[in-house]
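Data block below; observations after.
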Amino acid sequence: MTIVESPIRVEDAPQNAVRVEDVQLDITLEQLKKLVSPRALTGETMLLNMGPQHPSTHGVLRLLLELDGETIVSCIPDIGYLHTGIEKTAEGKTYLKVIPLTDRTDYLAPMSNNLAFCGAVEKLVGIDVPIRAQYLRVILMELTRMNSHLVWLGTHALDIGAMSVFLYCMREREMILDIYEAVSGARMMSSYIRPGGLWRDVPAHFPQLVQRVLDVFPGRILEYEKLLKENPLWKERTVGIGKISAQDAIAWGMTGPCLRGSGVNYDVRKAQPYSSYDHFEFSVPLGSHGDVYDRYKCRMEEFNQSLKIIKQAMDRLPPGPVMTDDRKVAPPPKHEIAYSMESLIHHFKLWTEGFRAPEGEVYFAVESGKGEYGVLLSGDGSPKPRRVHFRAPSFHNLQPLGEISKGALLADIVAIIGSIDIVLGDVDR
Amino acid sequence: MNHPLSELLKSALGDAISQVTLFRDEVTLHTSRERILDVLTHLRDVQQFDMLTDETCVDYYPREPRFGILYQLYSIPRNLRVRVKVMLSEYDASLPSAVPVYRNANWLEREIYDLFGIHFEGHPDLRRILLPPDYPGHPLRKEVPVTVEENAFSFNRARIDAAKPYATE
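Line by line, the protein sequences are chains G and B. Residue numbering for the first sequence follows full-length UniProt numbering, beginning at 1 and increasing consecutively. Residue numbering for the second sequence follows full-length UniProt numbering, beginning at 1 and increasing consecutively.
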């Protein structure tokens with residue numbers, strides 16, 4: 001390595017920059033030349049590697065940035081560092097045993113993933129879910145959305161420099177994780193939603209835990225807004241940054257708050273209601289400019305809408321079973337196993353061999369915190385799926401990053417990544 | 001075949017659609033790889049299916065043609081979903097890229113290429129996306145077994161010899 005006498009001087013700068021020939025990006029030089037601008041080849045612009053170990057890429061995302069001064073000329077995302085082959089692993093497991101894998105895709109919203117997969121299985125096999133289970137699913141889905149948004153808000157604000165918001169968000173997230181723990185026994189990898197209903201009914205103190213969230217949260221949301229909404233520093237970093245038009249957002253397949261921030265009214269809960277979402281009154285917050293600030297405002301308003309849905313569902317929560325009585329998929333109750341040999345055999349068969357799903361393909365989508373989380377499930381008549389494909393919202397929302405960040409400043413890319421809210425477990429699966 | 005959408009699309013697209021299937025209220029249009037871009041363009045421009053929700057591949061081994069490419073489309077104005085399916089032979093697994101019609105097919109097709117080894121003609125940047133570039137084969141194909149684990153430790157001399165890198169001159 002050569003030592004540069006005065007590295008900040010312009011004539012010495014190119015020695016520190018990465019040359020096109022030196023980039024290690026799982027890519028040949030010819031392929032790279034197609035992705036960067038011609039100016040990178042002459043050395044006029046600089047290539048800068050960002051990540052995969054960079055705190056504001058929210059995990060292991062790697063970006064290759066082409067910079068003209070501080071302005072981004074092109075941005076090439078490189079993903080796959082967290083690829084765990086979940087879709088292949090799922091092909092070797094019975095339908096029930098795939099559920100714990102779905103927790104690990106978008107690990108900040110495990111219940112949404114559970115529901116998307118179980119919904120697909122229910123659609124493929126043809127199972128009806130009892131109404132109490134549907135309402136409880138709605139409550140848990142909305143808590144999951146808040147959980148996902150809290151982590152988004154905390155890390156997004158932290159990236160931009162508002163550190164205290166992160167601490168507050170993590171404090172409130174505890175309440176939701178406590179509810180997860182109460183219902184499923186696990187704080188993150190819940191695997192609570194099962195084909196046909198829920199693993200078990202919620203514990204007796206579940207209403208108090210949810211009531212605590214309902215009581216505490218409205219004030220806390222105001223607290224966050226007091227910190228950020230009209231904060232000139234926050235607005236300086238977010239207003240007009242990372243704009244994407246409605247047409248482009250649709251063409252790139254963006255969903256969730258990223259799409260609604262551009263003013264497109266598409267929410268799976270409203271468009272194609274599942275799990276009796278049509279029983280509840282709520283509105284879908286929309287932005288208009290499609291910038292980082294509008295995406296922030298959409299998500300903040302979704303907190304209030306989630307609370308509204310949870311309140312309605314808790315008030316009208318019906319009694320009854322939480323698992324379908326279709327014994328093809330539902331295990332016999334524990335007390336039956338104690339005295340009935342048939343039930344014991346049934347339970348054993350269900351857990352070792354699993355249930356069979358018919359030949360065919362179904363697609364089932366839910367609105368997770370990040371967007372449309374879909375599962376394409378192909379059954380082949382055996383107890384194991386032929387193919388499971390997760391339509392991960394983060395994967396689709398991340399794809400236009402190169403286009404959104406074109407012309408932005410280097411510091412803005414941190415704000416943009418934060419505002420599209422990616423989870424790399426979801427992107428890479 | 002009583003779904004209103006299936007009749008409508010069948011008459012609008014004519015002979016490009018070889019078959020329409022209805023399963024669990026989901027319409028699937030079967031087409032060929034020669035006509036796939038016509039079908040997608042028609043669905044996007046005339047039928048208002050403005051969003052490519054998902055594109056993926058299913059390996060129907062041991063059937064032949066073996067690979068099914070599934071395009072999951074959604075129309076925001078009409079609030080409808082439709083699926084388009086193209087079957088591909090194992091021996092000629094290539095089809096035209098959908099990137100000119102739907103931009104976000106870019107990464108989705110890279111993923112299919114990566115995991116199934118299907119070639120997309122005219123794709124602007126066809127290279128592996130999830131796996132490292134030197135990864136052998138395409139793991140989501142059915143001939144790749146789901147669970148094979150290399151033994152971390154073994155007393156089997158033959159296995160040790162097979163895996164051990166001996167110095168050669």
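Beta carbons are placed, not taken as given, at the ideal position from N, Cα and C, and that holds for glycine.
Q.
At the level of alpha carbons, what is the spacing between Met146(G) and Val86(B)?
A. Mapped onto the first sequence, residue 146(G) falls at position 146. Mapped onto the second sequence, residue 86(B) falls at position 86. The straight-line gap from Cα to Cα measures roughly 39 Å.
Requested in this report: Specify whether the stretch 17-37 of chain B and the stretch 50-66 of chain B touch according to this definition: at least 3 beta carbon pairs, one from each stretch, less than 8 Å apart.
Outcome: no
Notebook entry, point to check: When you compare only the Cα positions, how much space is there between Gly402(G) and Tyr293(G)?
Noted result: Taking the first residue of the first sequence as 1, we reach residue 402(G) at position 402. Taking the first residue of the first sequence as 1, we reach residue 293(G) at position 293. Taking the straight line joining both Cα atoms gives about 19 Å.
- Using a Cβ-Cβ cut-off of less than 7 Å, give me the residues of the stretch 64-83 of chain G that come near chain B, in sequence order. Ile79, Gly80, His83
Cross-strand partners of Phe67(B) (DSSP beta bridge): Taking the second sequence and counting its residues from 1, one reaches residue 67(B) at position 67. Paired residues: Asp59(B), Leu88(B).
For Gly119(G), the three-state DSSP class (helix, strand or coil): Counting from one through the first sequence, the residue named residue 119(G) turns up at place 119. Three-state DSSP puts Gly119(G) in a helix.
Discussion item. Does chain G have any CB closer than 8 Å to the CB of Arg78(B)?
Written reply: Working through the second sequence from its first residue, we reach residue 78(B) at position 78. Answer no: the Cβ-Cβ gap between Arg78(B) and chain G never drops below 8 Å.
Next on the checklist: To the nearest angstrom, how far is the alpha carbon of Ala251(G) from that of Val46(B)?
Outcome noted: Translated into the one-based positions of the first sequence, residue 251(G) becomes position 251. Translated into the one-based positions of the second sequence, residue 46(B) becomes position 46. Cα to Cα, the separation comes out at about 15 Å.
Beta-bridge partners of Ser96(B), as assigned by DSSP:
Within the second sequence, the letter at position 96 stands for residue 96(B). Note that residue 96(B) corresponds to Pro in the displayed sequence, not to Ser. BP columns for Pro96(B) point to Glu121(B).
Notebook entry, point to check: Is the number of C-beta pairs between the stretch 63-82 of chain G and the stretch 11-21 of chain B that are closer than 8 Å three or more?
Noted result: no
*Inter-stretch contact at 8 Å, needing at least 3 Cβ pairs: the stretch 327-341 of chain G / the stretch 84-92 of chain G*: no
Beta-carbon gap between Val98(G) and Gly197(G) smaller than 8 Å: The residue you call residue 98(G) lines up with position 98 of the first sequence. The residue you call residue 197(G) lines up with position 197 of the first sequence. In this structure, Gly197(G) does not lie closer than 8 Å to Val98(G) by Cβ.
### Beta-carbon contacts of Glu90(B) that lie in its chain and below 6 Å, excluding the five residues immediately before and after
Working through the second sequence from its first residue, we reach residue 90(B) at position 90. These residues qualify, in order along the chain: Arg66.
Taking CB distances under 8 Å as the criterion, tell me whether Trp351(G) reaches chain B.
Counting from 1 along the first sequence, the entry for residue 351(G) is found at position 351. At least 8 Å separates the CB of Trp351(G) from every CB of chain B.
Could you give the distance in angstroms between the alpha-carbon of residue 495(G) and the alpha-carbon of Leu153(G)? Lying before the first or after the last residue shown, residue 495(G) is absent from chain G, which here runs from 1 to 429.
What are the boundary residues of the beta strand (DSSP E) that Val20(B) is part of?
Residue mapping note: residue 20(B) aligns to position 20 of the second sequence, counting from 1. Note, Val20(B): beta strand (DSSP E), 17-23.
Gln399(G) in three-state terms, based on DSSP
Start at 1 with the first residue of the first sequence, and residue 399(G) comes out as number 399. Gln399(G) falls in the coil class under three-state DSSP.
Measure the Cβ-Cβ separation of Ile129(B) and Gly80(G) and say whether it is below 8 Å. To locate residue 129(B), count along the second sequence from 1; it is residue 129. To locate residue 80(G), count along the first sequence from 1; it is residue 80. Cβ distance < 8 Å, so Ile129(B) and Gly80(G) count as in contact.
Practice prompt. Starting from Val414(G), trace the alpha helix (DSSP H) both ways and give me its first and last residue.
Written response: Against the first sequence, residue 414(G) aligns to sequence position 414. Run containing Val414(G): 410-420, per the alpha helix (DSSP H) assignment.
> Whose Cβ in chain G lies nearer than 7 Å to the Cβ of Thr56(B)?
Replying inline: Here residue 56(B) refers to the residue found at position 56 when the second sequence is read from its first residue. Residues of chain G passing the Cβ test: Leu376, His389.
- prompt: Along chain G, which residues have their Cβ under 9 Å away from the Cβ of Arg63(B)?
  reply: Numbered from 1 along the second sequence, position 63 holds the residue referred to as residue 63(B). Going along chain G, no residue has its Cβ under 9 Å from Arg63(B), so there is no contact; the nearest lies around 10 Å.
Proximal chain B residues relative to His396(G), where beta-carbon distance stays under 7 Å = If you number the first sequence from 1, residue 396(G) lands on position 396. Near His396(G) (Cβ distances below 7 Å), the residues of chain B are Asn104.
**Message:** I'd like the list of long-range same chain contacts for Asn33(B), defined as Cβ closer than 6 Å, with 5 residues on each side in sequence excluded.
**Reply:** Translated into the one-based positions of the second sequence, residue 33(B) becomes position 33. Here residue 33(B) turns out to be Arg, not Asn, going by the sequence shown. Cβ within range, chain order: Val86, Leu95.
**Message:** Tell me which residues share the same chain as Gln312(G) and place their Cβ nearer than 6 Å to its Cβ, disregarding the 5 neighbours each side in the sequence.
**Reply:** In the first sequence, the residue the question calls residue 312(G) occupies position 312. Counting only Cβ-Cβ distances below 6 Å, and skipping sequence neighbours, we find Phe280.
Quick check: the Cα distance between Gly407(G) and Ile241(G), rounded to an integer number of angstroms? Taking the first residue of the first sequence as position 1, residue 407(G) is located at position 407. Taking the first residue of the first sequence as position 1, residue 241(G) is located at position 241. Roughly 10 Å separates the two Cα atoms.
| Is the stretch 364-378 of chain G touching the stretch 256-267 of chain G, taking contact as three or more C-beta pairs under 8 Å? | Put simply, the stretch 364-378 of chain G touches the stretch 256-267 of chain G. At least three CB pairs are less than 8 Å apart.
Beta-carbon within less than 6 Å of Asp426(G)'s beta-carbon, same chain only, minus the 5 sequence neighbours each way: which residues are those? The residue you call residue 426(G) lines up with position 426 of the first sequence. Closer than 6 Å at the Cβ level, and outside the excluded window around Asp426(G), lie Thr105, Asp106, Ala392, Ser394.
Q) Quick one: which chain G residues come within Cβ less than 7 Å of Pro139(B)? A) Against the second sequence, residue 139(B) aligns to sequence position 139. Identification of chain G residues near Pro139(B) by a Cβ-Cβ cut-off of 7 Å yields Gly85, Lys88, ordered along the chain.
Exercise for the section: Mind checking who His279(G) pairs with in its DSSP beta bridge? Expected result: Numbered from 1 along the first sequence, position 279 holds the residue referred to as residue 279(G). In DSSP, His279(G) forms no bridge with anything.
Worksheet item: Under the rule that 16 or more other beta-carbon atoms within 10 Å means buried, what is Tyr192(G), buried or exposed?
Response: For this step, residue 192(G) is matched to residue 192 along the first sequence. Under this definition Tyr192(G) is a buried residue.
If you measure between the beta carbons of Thr31(B) and Val20(B), is that distance less than 8 Å?
Residue numbering aside, residue 31(B) sits at position 31 when the second sequence is read from its first letter. Residue numbering aside, residue 20(B) sits at position 20 when the second sequence is read from its first letter. No.
- request: Examine chain G for any beta-carbon lying closer than 8 Å to the beta-carbon of Thr41(B), and answer yes or no.
  value: Taking the first residue of the second sequence as position 1, residue 41(B) is located at position 41. Not one chain G Cβ lies under 8 Å of Thr41(B).
query = Glu34(B) by DSSP, collapsed to three states: which one?
reply = Position 34 of the second sequence holds residue 34(B). In the structure shown, Glu34(B) sits in coil (DSSP, three-state: anything other than H, G, I, E or B).
*asked:* Counting only beta-carbon separations shorter than 8 Å, does Leu73(B) have a partner in chain G?
replied: Position 73 of the second sequence, counted from the start, is the residue given in the question as residue 73(B). Chain G, which has no Cβ nearer than 8 Å to the Cβ of Leu73(B), makes this no.
When Cβ atoms are compared, which residues of the stretch 122-147 of chain G fall closer than 8 Å to chain B?
-> Those residues of the stretch 122-147 of chain G that come within reach of chain B (Cβ to Cβ, closer than 8 Å) are Lys123, Leu124, Gly126.
Q) Whole-angstrom Cβ separation of Leu227(G) and Ser164(G), contact assumed at under 8 Å? A) What you label residue 227(G) is simply residue 227 of the first sequence in a count that begins at 1. What you label residue 164(G) is simply residue 164 of the first sequence in a count that begins at 1. Going by Cβ atoms, the distance from Leu227(G) to Ser164(G) rounds to 7 Å, so yes, they are a contact pair.
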